[in-house]
Amino acid sequence: MKDKKNKYLVTSALPYANGHLHIGHIAGAYLPADIYVRYRKLKNDDIIFICGSDEHGTAIEMSAIKEGVTPKEIIDNYHFSNKKAFEDLGINFDIYSRTSNPIHHDTSQEIFLNLFKKGILIQKKEKQLYSEREKRFLADRYVEGTCPKCGYEEARGDQCEKCGTNLSPLELINPRSKITGDTPVIKESTHYYFPLGKYQTELESWINTRQHWKPNVINYCNGWFKSGLQDRAITRDLDWGVKVPLQGNEGKVIYVWFEAPIGYISATKELFINRKEPEKWKEYWCNPEVKLIHFIGKDNIVFHAIVFPAILKANGDFILPENIPANEFLNLEGGKQSKSKGHGVLVKDIVKEFNPDVIRYTLASNLPENRDTDFYWKDIQTKNNNELAAILGNFINRTVVFAKSKFNNNIPNRYEEYKSDTDIFDYLSLQKNVISKHYDNFRFKDAINETMNCVRAANKYFNDNEPWKEIKNNIHRAETIINNCLQICYSVSILISPFLPFTSEKILKILNAGKKDFYWENTGKIILEADKSLGKNEILFPQINNNEIMQEDLNTTTEQQSESELIDLEYFKKIKLKVAKIIECEKIPNSKKLVKLKIEIGKKTKQLVAGISEYYKPEELLGKLIIVVDNLKKTKLMGIESEGMLLAAKKNGKLTLLTVQKEIESGSEIS
RNA sequence: GCCGGGAUAGCUCAGCUGGUCAGAGCGUCGGAAUCAUAAUCCGCAGGUCGGGGGUUCAAGUCCCCCUCCCGGUACCA
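For our numbering, add 53 to where a residue sits in the first sequence, where the first one is 1.
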């Protein structure tokens with residue numbers, strides 16, 4: 054049993070170090086991976102679990118510029134925060150590295166150079182927008198201008214959000230940098246492309262050998278094949294990233310989507326350097342016996358199933374993924390979680406409130422394995438109280454309390470005459486195999502459900518054998534029953550440890566048992582010696598009451614106010630609020646709720662378009678004193694210019710204008 | 001717009017290549033028990049499988065149309 058059997062190399066998607074992790078990420082790529090790895094370790098497989106922060110790219114550089122800090126500060130912040138979040142949740146990587154490490158730069162450059170030397174990369178010249186003032190090329194998303202199709206003035210360089218047209222930044226009329234607002238010039242730039250198209254046939258036949266993959270992954274790939282793979286630029290004009298290792302390419306970096314997955318390799322190298330076996334990484338990455346498994350969310354499928362394998366193939370020497378069990382998304386209270394919209398439950402926050410195992414269980418028992426699933430705060434409470442406490446916690450507790458009060462906190466004897474009473478152990482041994490099969494097939498929800506069935510059976514065993522009665526009639530039998538229950542506790546501790554690692558440890562402590570026999574195969578076996586004393590008992594899952602849950606619920610359903618959303622006074626002062634008097638007012642024809650207002654702000658007048666005609670008739674607005682934002686950018690609504698915005702309170706279909714409590718001249722400032 | 005994926009018991013979810021597939025967990029209800037965090041165990045619950053049409057001896061399971069969600073749409077990472 055001590056022999057290492059299979060070799061696995063497991064990776065979880067590298068989190069982008071530009072935001073905090075939320076529970077959707079955890080349910081997608083990290084928790085399943087951690088469960089899988091823990092399970093394999095219990096089976097004594099040779100497995101390493103790799104992850105790290107993805108720290109390059111435009112978005113991070115732009116965040117740095119916006120916040121007036123260096124990219125390094127941004128990535129340090131999120132790298133360490135996310136690393137800790139993983140630790141708090143018990144996601145146990147063998148290494149959590151980062152792509153800013155030198156070893157990653159070296160590895161990426163090496164692979165890039167190798168492809169270059171093999172003559173695989175293609176150079177293409179292209180015209181791009183360049184900001185003279187910032188001395189940089191502008192990424193498409195960071196250019197805005199007037200849409201050539203619909204005339205919308207704030208279209209982005211990649212797409213017009215108004216009419217939905219896909220754009221190239223060169224098509225924009227009056228393009229300007231989104232960061233500084235200055236006008237860019239067109240400049241030529243040479244980029245290296247990876248000829249993904251050339252690998253299509255090869256990739257297709259490879260994926261055809263992967264019919265055991267989840268259908269969602271295969272479907273997704275087929276979609277890409279159908280529309281045909283295109284060459285992909287793998288360099289960018291950017292400062293922040295892995296430098297292109299060729300002369301004459303100053304100011305260019307390797308595109309993050311090229312280098313980030315290579316992070317899996319560099320992190321593995323780093324792991325074995327730390328372990329003082331610097332060459333050993335090859336025993337994984339260059340060994341066809343090893344099963345490489347990428348855990349990711351569905352948004353990452355194309356890169357892990359198509360782009361990265363193509364790169365690995367092109368480079369040679371490396372193994373390709375054996376499986377990519379991509380998950381769908383976990384929604385929050387029915388709505389999508391998103392970093393940018395601030396709608397999401399951050400790991401760093403939730404671990405402060407709840408037992409990490411309760412979080413793990415809640416997420417794991419509802420993983421988005423086949424489709425998007427929903428997370429509700431209430432689930433935390435329900436799963437804790439009705440499943441973890443009631444079934445699991447209760448079984449451990451009733452057993453241990455019984456031993457403590459009736460047998461002086463010792464493990465009672467098993468008596469020869471009752472040793473044939475082994476149905477429950479047979480069942481556990483059988484279940485062990487059933488559960489294994491589920492894990493092997495990446496069906497974690499089923500695995501967990503079957504595991505809980507074991508605990509249910511344990512409770513049933515306790516109930517059916519009524520030790521509380523037997524202790525009065527037949528002490529030997531009562532002792533044997535409790536001994537059995539304690540043995541079952543040990544088995545349970547093994548079975549739950551992939552998804553409830555902290556609880557598993559606690560149970561061992563309560564049993565006063567070591568890890569010498571802590572292997573999957575020992576499930577259903579008699580491990581604990583009689584007469585040994587037990588440890589200190591502990592309530593594993595205290596009840597979670599309504600208040601605790603309602604508080605969290607409130608925090609998310611009302612707008613979340615994380616520290617990053619707080620503004621300082623200076624920022625607020627930028628908004629010029631003034632009192633204005635409505636001097637003209639008419640409804641805009643054909644609009645549902647727009648009115649055109651002429652307002653007086655002190656000595657000047659302005660035209661406003663406001664969406665209030667469902668609530669106010671034009672004539673009742675005349676002469677009213679209202680509050681307006683005076684320094685808002687002009688915009689056009691239904692072709693009519695609006696030079697500001699009025700303030701109104703709105704809730705549940707009711708709307709009321711803000712006004713002043715006493716008469717005051719228009720143009721008065723508000724502070 | 002185009003491509004793809006969803007819509008199954010009160011809730012959250014399983015249902016592979018069409019024929020015990022109408023399921024699980026939780027909740028509800030009834031019963032048993034009282035060692036245990038009022039925790040357990042047993043039993044029950046009748047959901048036109050989003051709507052409509054079609055193929056078939058037979059369809060949540062295949063085809064078409066409709067409604068409602070959600071992703072992707074290739075240089076945002």
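C-beta: ideal position from N, C-alpha, C; glycine also.
- Look at Thr-152 here: in three-state DSSP terms it is coil, with no helix or strand label.
- Straight across, the Cα-Cα distance linking Val-411 with Ala-138 is about 15 Å.
- Taking the Cα positions, Val-662 is about 33 Å away from Met-115.
- Rounded to the nearest angstrom, the gap between the Cα atoms of Ala-358 and Leu-62 is 16 Å.
- For Phe-455, the uninterrupted alpha helix (DSSP H) segment begins and ends at 447-460.
- Per DSSP, Glu-406 lies in no beta strand (DSSP E); the unbroken alpha helix (DSSP H) holding it starts and ends at 400-406.
- Bridge partners of Tyr-246 according to DSSP: Ile-175 and Ala-286.
- The region 336-343 and the region 65-76 do not touch, with fewer than three beta-carbon pairs separated by less than 8 Å.
- Sequence-distant Cβ neighbours of Lys-585 in its own chain, meaning closer than 8 Å and more than five residues away, are Asn-463, Ile-464 and Asn-565.
- A residue is called buried when at least 16 other Cβ atoms come within 10 angstroms of its Cβ; Phe-371 meets this threshold and is buried.
- Distances from the CA of Phe-407 to each of Phe-594, Ile-717 and Lys-366 were compared; the closest alpha carbon is that of Phe-594.
- Taking all protein chains shown into account, Arg-424 has fewer than 16 neighbouring C-beta atoms within 10 Å of its C-beta and is therefore exposed.
- The closest CA to that of Ile-349, considering only Leu-675, Asn-130, Pro-85 and Glu-140, is found on Pro-85.
- In this structure, the straight-line span from the alpha carbon of Ser-242 to that of Ile-100 is close to 44 Å.
- Excluding five sequence positions before and after Trp-310, the CB atoms of its chain that fall closer than 7 Å to its own CB belong to Phe-356 and Val-360, given in chain order.
- Look at Cys-339 here: in three-state DSSP terms it is coil, with no helix or strand label.
- Judged by DSSP secondary structure, Gln-540 falls within the alpha helix (DSSP H) whose first and last residues are 528-549.
- The C-beta distance from Ile-635 to Leu-674 rounds to 5 Å, short enough to meet the 8 Å contact threshold.
- A direct Cα-Cα distance of roughly 11 Å separates Gly-250 from Ser-280.
- For Gln-660, the enclosing beta strand (DSSP E) stretches over residues 657-663.
- Here Leu-67 has Gly-105, Asp-107, Ala-313 and Gly-316 as same chain residues with Cβ atoms under 6 Å from its own Cβ, once five neighbours each way along the sequence are excluded.
- Following the DSSP letters along the chain, one finds His-491 inside the alpha helix (DSSP H) bounded by residues 476-493.
- Between Ile-597 and Trp-430, the C-beta spacing is not below 8 Å.
- Cα atoms of Tyr-149 and Ile-403: separation of roughly 21 Å, rounded to the nearest angstrom.
- In the three-state reduction of the DSSP assignment, Lys-136 falls in the helix class, which pools H, G and I.
- Per DSSP, the continuous beta strand (DSSP E) segment holding Gly-105 begins and ends at 99-106.
- Residue environment: Ile-226 is assigned as exposed (fewer than 16 neighbouring CB atoms within 10 Å of its CB, all protein chains considered).
- With the rule of 3 Cβ pairs closer than 8 Å, the region 515-524 does not count as touching the region 108-127.
- For Ala-443, the closest alpha carbon among the candidates Met-505, Gly-143, Thr-576 and Tyr-246 is that of Met-505.
- Across the set Lys-94, Asp-87 and Ala-80, the C-alpha of Lys-94 shows the shortest separation from the C-alpha of Lys-58.
- Looking at Asn-494, Gln-540, Lys-513 and Leu-548, the one whose alpha-carbon comes closest to that of Lys-485 is Leu-548.
- Boundaries of the beta strand (DSSP E) around Tyr-61: 60-65.
- Annotation for Tyr-471: Arg-530 and Thr-533 place their beta carbon closer than 6 Å to its own, counting only its chain and skipping 5 residues before and after.
- For Thr-111, the uninterrupted alpha helix (DSSP H) run begins and ends at 111-120, by DSSP.
- Under DSSP, Ser-230 shares a beta bridge with Val-196.
- A straight-line Cα-Cα distance of about 55 Å links Asp-290 and Ile-560.
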